[in-house]
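Heads up, the thing below is written out as structure tokens.
Next comes the structure, spelled out in structure tokens:
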């Protein structure tokens, strides 16, 4: 999460496109909420202003100038992987750069096609 | 004596929310934010800012369990910015010692407070009905906690709040158990289920305010001065953290890696320190627990080490075949010492069940274990006896079922004896006798190191009477390894310099486990990235000043260095240095306090 925010030149967690939370208490371990790079993404399908463009290889790219901050994409994502940037009032969209994978010392994350 | 005129005033990065102090008045149910650049510009954050706020907020002589005792939480500029800067400092007047209450915890607390756009949180007054506070992006809400009050398990309280509040993954949920509600003087505040503001009774102060919990989160960005320098330094620090052999040990076995070496060294307090080693210590060692019980390792927010070890305890139901309850129980060196070796418990399952009970109740594991150890010896010596109604449990070394029952009695306080024990060992021993084996230092129960003179001198002189103040246990082991000849002066000087430097680390706020990484030069570079342009000399001065301010608070509240009691027991049981010499300890304590500067920065 911190690595993701750093990509945008920011410390803290305000700009993260990946979220790690407990699975209902730390005793149960953790859940990773991150974009799966869908080929037919529901977030793009519900965008009323066409601000989410299909990305080659899966997932979407945000055209920030078109986004009206309606949050429909947040609700549409089946795996809750569209996070929100309160500062710009727009979604944080994962670009699959793999910085989070490099930052994880325990090999929990992987950047791969399929699965 | 060190003397200086003024501290450097730094310019904060434009837009850094760290200057924001959220004040919450529980009595009037109001909150507001004040920008306190003045504090952060001079005292950095964490311990430095917290002690200034405590001096401002806490009037001389207030009852620690009255509404007038404030609670201060503070984070620092490195929280959310560099890895292993994951801690939060809490300050209050301690209901256990009657002077400085300071406790540090990790979990997600440091990250959440800083992300919520706060540098510090001050809680004033008291509510008349149980409440909990939720704080998101600097806004506070007062929520009803009547149903949570009296709930048996602190785990359940955590679960309920978790399900009621938003921002999973970004938040901290601090809460007390019944021990805090019932104002046991060493009740703790639990955060993220397995981390604690453990020492000196913050839980009791929460309880006195009818404050059951705090949920805090936010998504504030933290701006840095130079993004390129930041990213480079981040990688450098991160790399040294994941490659440091010392930190790998914390990851593999965790803090309980100390059990066997200390036992071999004859420095592991056992049976209320009647002995400094334990037959069967292997059973409760980090290695044995990792091999047979380790269920999961987890980390605090923004830490690559993951030193938190959770045991999975699988217990069959008595009457149902093939039916099991599995509980995740966090274990560390300190609870293993206090609730294991000090009580002569060598059964890992018995120890884990006792640790779990202490967690359910929300007690400081260390103080609780030392209290039970003192009580066991008091029963053994017939200072107190098991009553006909069984309420003074017949405590016997190793009998973990009796100890589990006694923990319940410390919380419930069904009779005068347990009422006294809930006040702490010093109080109980003063009332019933047995001070010579009451292991308290400045009123705080002993940590788990009988390594030599420096450990005990550190407990006596440390502002919190904690092993983490100046790490005397580490100094002892260094002296042993180098076959050095310590003198009262050399020990006092080393402890003083260490404690002064640690004021900087706890103002940032980085975990002390990362102290070998956050050396002064690295701290200087890291601070520069977030806007604090300080020289090594500036930092040194600030460290001295913070320590001086803490002692100013202590003295103001009645702490007297020359009245410090040295428990006889520590002189009777040999350390790796042999028997300790009382005159040596007294001389070193004297020298330490002679070195302590008086604050020159009073308004």
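Chains as they are written, first to last, in this note's numbering: chain A, 1 to 115; chain B, 116 to 718.
Note that CB positions come from ideal geometry on N, CA and C, so glycine has one too.
Next item on the list: Determine, using beta-carbon pairs with one atom in the stretch 219-234 of chain B and one in the stretch 309-325 of chain B, whether at least three such pairs fall under 8 Å.
Entry: Under the 8 Å Cβ criterion, the stretch 219-234 of chain B counts as touching the stretch 309-325 of chain B, having at least three qualifying pairs.
Check: Assuming residue 213/B contacts residue 558/B under a Cβ cut-off of 8 Å, what Cβ separation, rounded to an integer in Å, is found between them?
Finding: Here the question's residue 213/B lines up with position 98 in the second chain. Here the question's residue 558/B lines up with position 443 in the second chain. Cβ-Cβ separation between residue 213/B and residue 558/B: approximately 7 Å, consistent with a contact (criterion under 8 Å).
Checklist line | Whole-angstrom C-beta distance between residue 155/B and residue 133/B, which should lie under 8 Å | finding: Locating residue 133/B in the second chain gives position 18, where the first residue counts as 1. Locating residue 155/B in the second chain gives position 40, where the first residue counts as 1. About 6 Å; that satisfies the 8 Å criterion.
Note to self: Can you tell me whether residue 698/B is buried or exposed? The criterion is at least 16 other CB atoms within 10 Å of its CB, across all chains shown.
What the structure shows: Stepping through the second chain from its first residue, residue 698/B is reached at position 583. Answer is exposed; the Cβ neighbour count stays below 16.
Notebook entry, point to check: What residue range is occupied by the uninterrupted alpha helix (DSSP H) comprising residue 609/B?
Noted result: Indexing the second chain from 1 puts residue 609/B at position 494. For residue 609/B, the uninterrupted alpha helix (DSSP H) segment begins and ends at 603-623.
Note to self: Are the CB atoms of residue 284/B and residue 99/A within a distance shorter than 8 Å?
What the structure shows: As a position in the first chain, residue 99/A is number 99, starting the count at 1. As a position in the second chain, residue 284/B is number 169, starting the count at 1. Against a cut-off of 8 Å, the Cβ pair of residue 284/B and residue 99/A comes out as no contact.
Next item on the list: Assign residue 428/B to one of three DSSP states: helix, strand, or coil.
Entry: As a working mapping, residue 428/B is identified with position 313 in the second chain. In the three-state DSSP reduction, residue 428/B falls in the strand class (E or B).
Check: Can you tell me the Cα-Cα spacing of residue 232/B and residue 614/B, whole angstroms?
Finding: Taking the second chain and counting its residues from 1, the one referred to as residue 232/B is at position 117. Taking the second chain and counting its residues from 1, the one referred to as residue 614/B is at position 499. C-alpha separation (whole angstroms): 29 Å.
Next item on the list: Run through the stretch 229-273 of chain B for me and flag every whole beta strand (DSSP E) of 3 or more residues, listed as ranges in chain order.
Entry: Listed in chain order, they are 235-239, 246-251, 254-259.
Margin query: Along the stretch 324-347 of chain B, where does the CB come closer than 8 Å to a CB of chain A? Name the residues.
Written below: Per Cβ criterion, the list reads 334, 335, 336, 337, 338, 339, 342, 345, 346.
Item checked: Counted within 10 angstroms of its Cβ, other Cβ atoms place residue 536/B as buried (16 or more) or exposed -> Walking along the second chain from the start, residue 536/B turns up at place 421. Classification of residue 536/B: buried, given that the 10 Å Cβ count is 16 or more.
Next item on the list: Using the Cα positions of residue 299/B and residue 51/A, report the straight-line distance between them to the nearest angstrom.
Entry: Within the second chain, residue 299/B is the residue found at index 184, counting from 1. Within the first chain, residue 51/A is the residue found at index 51, counting from 1. Here the alpha carbon of residue 299/B sits roughly 57 Å from the alpha carbon of residue 51/A.
Note to self: Please identify, using Cβ separations under 7 Å, the residues of the stretch 410-423 of chain B that lie next to chain A, in order along the chain.
What the structure shows: Hits within the stretch, in order: 411, 413, 417, 419.
Margin query: Determine whether the beta carbon atoms of residue 581/B and residue 515/B lie at a separation below 8 Å.
Written below: Residue numbering aside, residue 581/B sits at position 466 when the second chain is read from its first letter. Residue numbering aside, residue 515/B sits at position 400 when the second chain is read from its first letter. Inclusion of residue 581/B and residue 515/B in the CB contact set at 8 Å is not warranted, their separation being larger than that value.
Notebook entry, point to check: Touching or not, the stretch 357-372 of chain B and the stretch 41-55 of chain A, by the rule of three or more beta carbon pairs under 8 Å?
Noted result: Counting Cβ pairs under 8 Å, fewer than three are found: no touch.
Note to self: Please list the terminal residues of the continuous alpha helix (DSSP H) segment that includes residue 135/B.
What the structure shows: Here residue 135/B refers to the residue found at position 20 of the second chain. Here residue 135/B belongs to no alpha helix (DSSP H); instead the beta strand (DSSP E) covers 135-140.
Checklist line | Spatial neighbours of residue 89/A in its chain, beta-carbon cut-off 7 Å, leaving aside the 5 residues before and after | finding: Indexing the first chain from 1 puts residue 89/A at position 89. Scanning its chain for C-beta atoms nearer than 7 Å, with the 5 sequence neighbours on each side dropped, one finds around residue 89/A the residues 69, in chain order.
Item checked: Proximal chain B residues relative to residue 10/A, where beta-carbon distance stays under 9 Å -> As a working note, residue 10/A is residue 10 in the first chain. Result: 336, 337, 338, 339, 342.
Notebook entry, point to check: Can at least three beta-carbon pairs, one atom from the stretch 608-624 of chain B and one from the stretch 341-353 of chain B, be found at a separation below 8 Å?
Noted result: Result no; under three Cβ-Cβ pairs closer than 8 Å.
Notebook entry, point to check: Can you check whether the CB of residue 695/B is closer than 8 Å to the CB of residue 728/B?
Noted result: Any question about residue 728/B goes unanswered here, given that chain B covers just 116 to 718.
Checklist line | Candidates 710/B, 573/B, 302/B, 145/B, of which the one nearest residue 250/B by Cα | finding: By 1-based counting over the second chain, the position of residue 250/B is 135. Closest option to residue 250/B, judged by alpha-carbon separation, among 710/B, 573/B, 302/B, 145/B: 145/B.
Note to self: If I measure Cβ to Cβ from residue 353/B and keep anything under 8 Å in the same chain, skipping five residues before and after, which residues do I get?
What the structure shows: By 1-based counting over the second chain, the position of residue 353/B is 238. Excluding residues up to 5 positions away in sequence, 198, 419 lie with their Cβ nearer than 8 Å to the Cβ of residue 353/B in the same chain.
Item checked: Within-8 Å CB hit, residue 93/A to chain B -> In the first chain, counting from the first residue as 1, residue 93/A sits at position 93. Contact of residue 93/A with chain B is not assigned, every C-beta pair being separated by 8 Å or more.
Check: Based on Cα-Cα distance, which residue from 7/A, 1/A, 5/A, 30/A lies nearest to residue 413/B?
Finding: Taking the second chain and counting its residues from 1, one reaches residue 413/B at position 298. Cα-wise, what sits closest to residue 413/B is 30/A.
Next item on the list: Please classify residue 39/A: does DSSP put it in a helix, a strand, or coil?
Entry: Numbered from its first residue, the first chain carries residue 39/A at position 39. Judged by DSSP in its simplified three-state form, residue 39/A adopts coil rather than helix or strand.
Checklist line | Helix, strand or coil at residue 189/B according to DSSP, with G and I counted as helix | finding: Here the question's residue 189/B lines up with position 74 in the second chain. Three-state DSSP puts residue 189/B in a strand.
Next item on the list: List the residues of chain A that residue 513/B touches, going by C-beta distances under 7 Å, in chain order.
Entry: What you label residue 513/B is simply residue 398 of the second chain in a count that begins at 1. Residues of chain A passing the Cβ test: none, with the nearest at roughly 28 Å.
Check: Taking the alpha carbon of residue 272/B as the point to measure from, which residue in 465/B, 474/B, 358/B has its own alpha carbon closest?
Finding: Position 157 of the second chain, counted from the start, is the residue given in the question as residue 272/B. Measuring from the Cα of residue 272/B, the nearest candidate turns out to be 474/B.
Check: What residues from chain B crowd round residue 13/A, counting only those whose CB sits closer than 8 Å?
Finding: What you label residue 13/A is simply residue 13 of the first chain in a count that begins at 1. Correct list: 195, 226, 230, 285, 334.
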